[in-house]
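Using the working numbering, you'd call the opening residue of the sequence shown number 8 and step up by one each time.
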Amino acid sequence: MPLLSLKPLTTYLEQSLQRRLIAVVALFLSLASLAFLVILLLLHTQMLLAENKRASIALNESLQVALENAMLKRDLPGLSQIVENLGQRDGIDAVMIVNPEGEIRFSDDPARIGHRLDDPRIAKALATQNPIAAHRNGQSGADVLRSINPVHNRAPCATCHGDPALHPVNGVLVVDFRAAPVLAHALRETAILIGMGAIVMAALGFALWKATRRLVLDRLAPLSRAVEAVGRGDVTTRVEIDGKDEIARFAAGFNTTAERLQASDEALRMTRDALLAILAAAPDGIRVIDANFRVIHANEAHLAQLGLPAEDVNDQPCYHLTHGGDEPCPSTMQPCPVVRLLRQGESGLRFSDRHQGAGGEMRNVEVTAAPIRLPVDGEIVDGVIEVIRDLDRAMEISHQQRLTE
């Protein structure tokens, strides 16, 4: 079924070189643009996410100062308020302070306090004592950018958290930034690029259409009309040569070919006229018969032998004209050139026969026949050429010559 649906489109494209060219260029440009946009979207998204990672770590470091001051003052309500206010900011999904054992001590959502936060990156941040930012599913299930900043133990904190040398990290500050706005921003910019690319492709397609029309199709149109004219037999047709490129050289080649065809046509016409003149001047009757026993051509001498005009001879059965029969002569009783030469493959034939004359009388003749191939209505057909000498007439002329001597 899909193949059937594509057939009208295929037929539409096959009817024009311009359509196929534009379709091919548009297809390759679309594929190249699609691949470019996918790569650009991935790179741009990664760049935005990387920038957000750096921004999240910087924000965490700045917030960490305020949190540490609250811890030093043992202002637990103030610390909780800072965490809660931070969790309400746009673009932030969750804020948590986790102790080294993984227990959530402070959170913007009080329901999380006291629960464990299972994230292997927390252990890594504690081990390396360096901030980490990575993507994962947040507490709400949405895609988030999680920033994990270790809260380092300092001398003023030793009263509660012990010797900094033995307990270098008091816990970690975990902030989940929503990744959706970043992806939405990347998609918006990609959509803008797609729109701009579509405009560029449309402009390029229009330019290609105009260029193809101007440089190729408009110049091929006269050549197409000239080829059709030569196909109809007008070998005098010529085209104007415009430029020096491939199409111009093609036009020059067409003109050269047309000139040669015209010369050949004139030579064939002259040869044909010469042959017709020879046939017309020949004293013996000459006729050409096709494989179906039909007379294709008869010269004036043969028309005189039959006493008939050309329109009553051409395309008539040979056996009816010279023997008065309604069917081919029986080859077992008398030689038949069509049977002997075309069907039995003999190369030539000479025999004596009796033909019906102009007055209906039977006359003695000598027939010399040979096979021939000649064009008839645009096709090459097999035939037989017969030279018919009227022996009775030859004897009359000889007798008259002797009487005059």
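By construction, the Cβ of each residue, glycine as well, lies at the ideal position given by its N, Cα and C atoms.
In this text, all values refer to a predicted model and were calculated from it rather than measured experimentally.
query, result
"Test item: CB-CB of His159 and Ala186 under 9 Å", "no"
"Assumed close pair Ala308, Pro290 - CB separation to whole angstroms, cut-off 8 Å", "6 Å"
"Those runs of the beta strand (DSSP E) which lie wholly inside the region 297-382 and span at least 3 residues", "302-305 and 356-363"
"Buried/exposed call for Met402, threshold 16 Cβ in 10 Å", "exposed"
"Burial state of Met43 (16 or more Cβ within 10 Å)", "Sequence check: residue 43 is Phe here, not Met. By the neighbour-count rule (16 or more Cβ atoms within 10 Å), Phe43 is not buried but exposed."
"DSSP-derived helix/strand/coil call for Asn156", "strand"
"Beta carbon of Val295 nearer than 9 Å to that of Gly355", "no"
"Assigned secondary structure, Ile199 (DSSP; H/G/I helix, E/B strand, else coil)", "helix"
"Opposing strand residues paired with Ala140 [DSSP bridges]", "Ser154"
"Other residues of its chain near Leu204: CB distance less than 6 Å, five sequence neighbours each side excluded", "Note that residue 204 is Gly in the sequence shown, not Leu. Excluding sequence neighbours, Gly204 sits near Ser40."
"Length of the line joining the Cα atoms of Ser338 and Gln351", "11 Å"
"Rounded C-alpha distance that separates Ala233 from Val246", "7 Å"
"Boundaries of the beta strand (DSSP E) in which Arg220 is found, first to last residue", "Element bounds for Arg220: n/a, residue is neither H nor E."
"The region 376-395 in contact with the region 274-287 per 3-pair CB rule at 8 Å", "no"
"Residue burial classification, His406 (beta-carbon count within 10 angstroms, cutoff 16)", "exposed"
"Backbone secondary structure at Asn92 - three-state DSSP", "helix"
"Identity of the residue in Lys251, Thr411, Ser231 and Gly250 nearest Thr244 by Cα", "Ser231"
"Distance, Ile392 Cα to Ile293 Cα", "7 Å"
"Selection from Ala259, Val237, Pro382 and Leu227 that minimises the alpha carbon distance to Gln269", "Val237"
"Same chain only: Cβ atoms within 6 Å of Arg347, ignoring 5 sequence neighbours per side", "Glu353 and Leu356"
"Continuous beta strand (DSSP E) stretch holding Asn177: start and end", "Val176 to Arg185"
"Reference Leu5, options Asn306, Phe300 and Gly260, closest by Cα", "Because the chain spans 8 through 412 in this model, residue 5 falls outside it and cannot be assessed."
"C-beta contact flag for Thr329 and His304 at 9 Å", "no"
"Arg123 burial status per 10 Å Cβ neighbour count (16 or more: buried)", "exposed"
"Beta-carbon separation (whole angstroms), Leu227 vs Ile254, contact threshold 8 Å", "7 Å"
"Burial state of Asn92, where buried means 16 or more other Cβ atoms lie within 10 Å", "exposed"
"Spatially closest choice to Val302 from Thr18, Ala284 and Pro344, by CA coordinates", "Pro344"
"Residue environment, Arg267, which counts as buried when at least 16 other CB atoms sit within 10 Å", "exposed"
"Alpha carbon of Leu381 to alpha carbon of Glu368, nearest angstrom", "33 Å"
"Selection from Ala132, Ser154 and Leu86 that minimises the alpha carbon distance to Asp100", "Ser154"
"C-beta contact flag for Asp297 and Val388 at 9 Å", "yes"
"Where Ala259 falls, given that 16 or more other Cβ within 10 Å makes a residue buried", "exposed"
"Same chain, Cβ closer than 7 Å to Phe261, neighbours up to 5 away in sequence not counted", "Leu230, Ala233 and Val246"
"Which residues DSSP lists as bridging Arg397, in chain order", "With the sequence shown as reference, residue 397 is identified as Asp, and Arg is not the correct amino acid for it. Per DSSP, Val372."
"Per-residue burial, Leu299 [other beta carbons within 10 Å of its own, 16 or more giving buried]", "Contrary to the premise, residue 299 reads as Asn rather than Leu in this sequence. It is exposed - the Cβ of Asn299 has fewer than 16 other Cβ atoms within 10 Å."
"Classification of Ile46 by the beta-carbon crowding that lies within 10 angstroms, buried from 16 upward", "exposed"
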